[in-house]
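UniProt numbering numbers the first residue of the sequence shown as 1 and each following residue consecutively.
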Amino acid sequence: MDEQTVSRLFQRYYQGTRTKRSKRGTGLGMAIAKQLIELHGGKIEISNQVNRGTHVTITLPPKRKETPGIVT
Numbered sequence: 001m002d003e004q005t006v007s008r009l010f011q012r013y014y015q016g017t018r019t020k021r022s023k024r025g026t027g028l029g030m031a032i033a034k035q036l037i038e039l040h041g042g043k044i045e046i047s048n049q050v051n052r053g054t055h056v057t058i059t060l061p062p063k064r065k066e067t068p069g070i071v072t
C-alpha cells in the first residue's frame with residue numbers, strides 16, 4: 001500500500017485494495033476497529049513498507065481490577 005492508502009484506512013467506506021472479487025466488503029472494518037479500540041482507551045497504528053508488508057499495532061491500557069460493590 002502506498003502512503004495515501006494507509007492514511008485513509010480508518011475512513012468509513014474506504015477500501016485499501018482493489019481486487020476483482022465479486023463479493024466485496026463495505027470498508028467499515030478498520031473504522032469500527034479504531035472506534036472500539038479508542039472506546040477502551042487504546043490506540044491503533046499502521047506502519048507500512050511498499051511491497052514489503054504492513055504492520056498494525058494495537059495498544060490497550062492494562063485491565064483495571066474491579067472492586068466488588070453493594071448492589072441494591
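Where a beta carbon is used, it is the ideal one built from N, C-alpha and C, also for glycine.
Since the model is a prediction, treat every value here as computed from it, not as a measurement.
CA-to-CA distance, residue j to residue i, given in whole angstroms
| i | j | result |
| --- | --- | --- |
| Lys63 | His40 | 10 Å |
| Arg12 | Glu66 | 34 Å |
| Glu38 | Ser7 | 17 Å |
| Leu9 | Lys43 | 14 Å |
One or two residues paired with residue i in a DSSP bridge
| i | result |
| --- | --- |
| Ile32 | Answer is none; Ile32 lacks a bridge partner. |
| His55 | Ser47 |
Contact belief for residue i with residue j at Cβ below 8 Å, rounded distance in angstroms
| i | j | result |
| --- | --- | --- |
| Asn48 | Thr54 | 5 Å |
| Gln15 | Gly27 | 4 Å |
The alpha helix (DSSP H) enclosing residue i, as first and last residue numbers
| i | result |
| --- | --- |
| Glu3 | Glu3 to Arg8 |
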